[in-house]
Amino acid sequence: IKACADKIKRELEAFGCPPQFPQDVEEVVEERKSDEPIIKDKSKGKKSKAMAKAGTGKYQWQIMRSLGLQDNEIKNFADVNYWLQYFPPKTEADLRAMGLRVDWRRSFITTDANPFYDSFVRWQFIKLKERNKIKFGKRYTIYSPKDG
1 IKACADKIKR ELEAFGCPPQ FPQDVEEVVE ERKSDEPIIK DKSKGKKSKA MAKAGTGKYQ
61 WQIMRSLGLQ DNEIKNFADV NYWLQYFPPK TEADLRAMGL RVDWRRSFIT TDANPFYDSF
121 VRWQFIKLKE RNKIKFGKRY TIYSPKDG
């Protein structure tokens, strides 16, 4: 969430609101002229699963537009907390529409916005440590040079 909010902030600073993104120059692709026969390998297709998931948005603003959001609403997503207000009710509605049955009374936001979450995580880890289910050790983490 923070990374996406920061991307929107940078795009607002660089391109204004609504942003005027630079036009991409289309690359000229040369046709392959060879006497070698072209072997069709379906596993090496142009439309891979990864490409299908990638989407068409280069900028975060474009990705948000692809979700059906308007420019005047997208600027609000520069605030990390707005994400937490906007998406949970939509997610819950979508899950209910799919027929999922959940006791939503027990749901909570798992970020710094919820002060009770820290105490829950602390309690959970103390219980796991008491039962020798976890050990202290090194682990990999995500680091962003932009965020320091």
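Sequential numbering of the sequence shown, starting at 1, is according to full-length UniProt numbering. The beta-carbon is built from N, C-alpha and C at its ideal position, and this holds for glycine as well.
Option nearest residue i by Cα separation, candidates the options
| i | options | result |
| --- | --- | --- |
| Pro-22 | Asp-79, Gly-68, Tyr-59 and Gln-85 | Tyr-59 |
| Val-102 | Thr-91, Thr-110 and Thr-111 | Thr-91 |
| Ile-1 | Leu-69, Asn-81 and Phe-15 | Asn-81 |
| Gln-62 | Leu-12, Leu-84 and Gly-99 | Leu-12 |
| Asp-112 | Leu-84, Ile-142 and Leu-67 | Leu-84 |
Where residue i falls: helix, strand or coil (DSSP)
| i | result |
| --- | --- |
| Asn-72 | helix |
| Pro-145 | coil |
| Arg-82 | Sequence check: residue 82 is Tyr here, not Arg. Helix, per DSSP. |
| Phe-87 | helix |
| Phe-116 | helix |
| Val-102 | coil |
| Cys-17 | coil |
| Ile-126 | helix |
| Gln-62 | helix |
| Arg-139 | coil |
| Phe-77 | helix |
| Ile-8 | helix |
| Lys-2 | helix |
C-alpha gap between residue i and residue j, whole angstroms
| i | j | result |
| --- | --- | --- |
| Lys-7 | Ala-78 | 8 Å |
| Arg-65 | Ile-74 | 8 Å |
| Leu-95 | Pro-89 | 10 Å |
| Ser-144 | Ala-3 | 9 Å |
| Lys-133 | Gln-124 | 11 Å |
| Lys-135 | Lys-129 | 7 Å |
heavy atom of the ligand GTP below 7 Å from residue i C-beta
| i | result |
| --- | --- |
| Tyr-82 | The ligand GTP is not part of the structure shown, which contains no ligands of any sort. |
Beta-carbon contacts of residue i that lie in its chain and below 6 Å, excluding the five residues immediately before and after
| i | result |
| --- | --- |
| Cys-17 | Lys-75 |
| Arg-139 | none |
Neighbourhood of residue i by C-beta distance below 7 Å, restricted to the same chain and skipping five residues each side
| i | result |
| --- | --- |
| Asp-71 | Pro-18 |
Neighbourhood of residue i by C-beta, 8 Å cutoff - its chain only, sequence neighbours within 5 removed
| i | result |
| --- | --- |
| Ile-109 | Leu-84, Pro-88 and Tyr-117 |
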